[in-house]
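The numbering of the sequence shown is our numbering, which starts it at 23 and goes up by one.
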Amino acid sequence: MNTPFWGPDFDSLASTDPEIADVVLGELDRLRGGIQLIASENLASPAVLAALGSTLSNKYAEGYPGRRYYGGCEQVDVAEEIAIARAKELFGAEHANVQPHSGASANLAAYAAFCAPGDVVLAMDLKQGGHLTHGSRVNFSGRWFSPVGYGVRQDTELIDYDRVRDLALEHRPRMIIAGATAYPRLIDFAAFRAIADEVGAILMVDAAHFIGLVAGRVIPSPVPFADIVTFTTHKVLRGPRGGMIVCRAEHAKAVDKAVFPFSQGGPLMHSVAAKAVALKEAATPEYRDYAAQVVANAAALAMGLAAEGMRVVSGGTDTHLALLDVRPLNVTGAEAEGRCDAVTITLNKNAIPFDPAPPAVASGIRIGTPSVTTQGMAEAEMAEVARLIGRAVREPDDAGEITASVRRLTAANPAYGRD
Ligand code: DSN
């Protein structure tokens with residue numbers, strides 16, 4: 023290629039808008055200097071960021087490849103066709119829609135494709151690990167539909183499949199949603215399929231959190247079981263912020279119409295191109311190794327935090343995340359989050375199942391290993407991170423020393439390398 027690449031050009035940003043340039047550099051420093059344990063975040067590759075920061079951002083392309091409402095779509099058509107083909111190949115899916123702007127947008131489209139206002143939808147309760155779009159009263163899903171919530175068993179903290187079936191038989195939902203934001207264990211998609219079939223419901227899997235592990239072939243795929251699978255592209259999958267849907271061919275038309283024109287206008291073509299890049303990266307042996315290490319790291323970190331006195335919800339993790347009950351250390355989730363923040367370890371407070379504390383306080387924290395694994399950290403570093411978290415929570419007065427230890431660890435495993 024002999025044309026100049028008009029992509030990320032930091033010098034022009036710095037001269038045009040030094041204030042925003044400072045924010046961009048400040049965020050890079052934050053990423054490099056601290057430990058990122060938000061389970062839903064990752065560090066996208068320079069190739070993904072290059073596609074995101076490209077001229078594709080300029081193009082209006084309402085419609086689908088070959089059927090657009092604007093001229094000049096010949097290049098973006100190629101990007102979208104490549105993204106669709108890669109998504110179908112990677113996930114063994116019959117159809118893919120790569121346009122959703124986010125996971126919430128993908129979920130809105132799923133409701134729109136299959137449900138009418140007022141329909142009953144059975145999904146995991148937010149307080150038990152679900153998502154706002156799974157029927158929360160403050161979200162479209164709870165306001166426009168009739169949500170019924172399921173949860174986990176109090177004794178095992180694993181999904182209560184008997185209760186899911188009982189609720190399905192009682193309420194006859196139009197759609198059942200499997201998937202969560204704070205559930206560390208594998209989900210039995212065959213069990214959900216059987217329940218959905220028994221009551222004639224659509225089975226939607228919100229795979230946002232774990233789709234990257236599916237891509238890496240380290241956990242079972244929901245695709246053979248679900249009518250529709252929605253997900254985000256920026257978590258373990260390590261792509262741009264965005265959403266995606268794969269579904270059975272019979273639902274292709276309904277899903278495409280639900281994304282555009284029903285719930286979205288012009289797709290973000292720079293993001294679609296960046297999704298294609300991420301899907302290519304996720305199809306490599308290196309990515310499979312990465313996904314396996316993400317899971318190994320989450321297990322190691324959970325074990326280390328148990329050794330620091332926290333209680334591991336459900337007794338462990340099979341995925342990229344773990345949920346820890348911090349009450350044995352005599353702190354709330356909010357306090358634990360704040361004390362970790364003070365030493366530049368970023369994680370989030372999280373409700374645990376049957377949490378007596380309000381969500382803004384919470385009794386737990388959620389940790390995830392996509393970012394630290396991208397930085398090259400492995401089990402030995404996870405043991406060290408667990409010790410630092412334990413000390414930060416127990417001994418907030420030592421924040422200075424702990425921060426110095428964090429710096430040593432991140433210097434040895436830098437995010438985005440060093441200049
Ligand atoms: N906000 C995401 C998470 O952190 O799990 C889900 O949308």
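Glycine included, C-beta positions come from ideal geometry on N, C-alpha and C.
Nearest-angstrom beta carbon gap, residue j and residue i [assumed within contact, 8 Å]
i, j, result
"A313", "L235", "5 Å"
"R54", "P436", "6 Å"
"V353", "L346", "Rounded, the Cβ-Cβ distance is 11 Å, inconsistent with contact."
"G337", "A321", "Their Cβ separation, rounded to whole angstroms, is 11 Å, which puts G337 and A321 out of contact at 8 Å."
"G326", "A405", "5 Å"
"M226", "T252", "7 Å"
"L35", "A43", "5 Å"
"Q315", "A400", "6 Å"
"R349", "P418", "No, R349 and P418 are not in contact; Cβ-Cβ is about 17 Å, not under 8 Å."
"L410", "L112", "With a Cβ gap of about 36 Å, L410 and L112 do not count as contacting."
Cβ-Cβ distance between residue i and residue j below 9 Å
i, j, result
"V407", "I60", "no"
"R260", "A304", "yes"
"S168", "D147", "no"
"A230", "G201", "yes"
"A115", "A298", "no"
"V120", "V294", "yes"
"P30", "L71", "yes"
"E63", "H292", "no"
"Y91", "G151", "no"
"V143", "I198", "yes"
"R310", "R239", "yes"
"F284", "A248", "no"
"E102", "A83", "yes"
"P381", "K110", "no"
"Q97", "F376", "no"
"A384", "G422", "no"
"A433", "A364", "no"
"R416", "L351", "yes"
"R270", "H117", "yes"
"H273", "A135", "yes"
"Y438", "L47", "no"
"A373", "A344", "no"
"D166", "P139", "For the sequence presented, residue 166 should be read as Trp rather than Asp. A contact, by the Cβ cut-off of 9 Å."
"G282", "G85", "In the sequence on display, residue 282 carries Phe and not Gly. Contact: yes."
"A329", "G390", "no"
"D228", "T306", "no"
"G171", "A145", "yes"
"R185", "E220", "no"
"I241", "T341", "yes"
"N129", "S163", "yes"
"P262", "A296", "yes"
Bridge partners - residue i, DSSP secondary structure assignment
i, result
"Q58", "T368"
"L346", "V334 and I387"
"R89", "Y86"
"N119", "I267"
"I198", "L144 and L225"
"V170", "L144"
"I181", "V174"
| message | Under 8 Å, with one C-beta from each stretch per pair, do the segment 113–128 and the segment 262–269 reach the 3-pair mark? | response | Result yes; three or more Cβ-Cβ pairs closer than 8 Å.
| task | State whether the segment 233–252 contacts the segment 368–375, with contact taken as three or more CB pairs (one from each stretch) at a distance under 8 Å. | result | The segment 368–375 and the segment 233–252 do not touch, with fewer than three beta-carbon pairs separated by less than 8 Å.
| task | Identify every run of the beta strand (DSSP E) within the segment 203–282, keeping only runs that are complete inside it and at least 3 residues long; order them along the chain. | result | Listed in chain order, the complete beta strand (DSSP E) runs (minimum 3 residues) inside the segment 203–282 are 224–228, 250–254 and 265–269.
| So which residues touch the region around the ligand MG, with touch meaning a C-beta under 5 Å from any heavy atom? | This structure does not include the ligand MG; its bound ligands are the ligand DSN.
| request: Could you say if the segment 153–169 and the segment 99–106 meet the contact criterion of at least three C-beta pairs nearer than 8 Å? | output: The answer is no - the segment 99–106 does not touch the segment 153–169, with fewer than three Cβ pairs under 8 Å.
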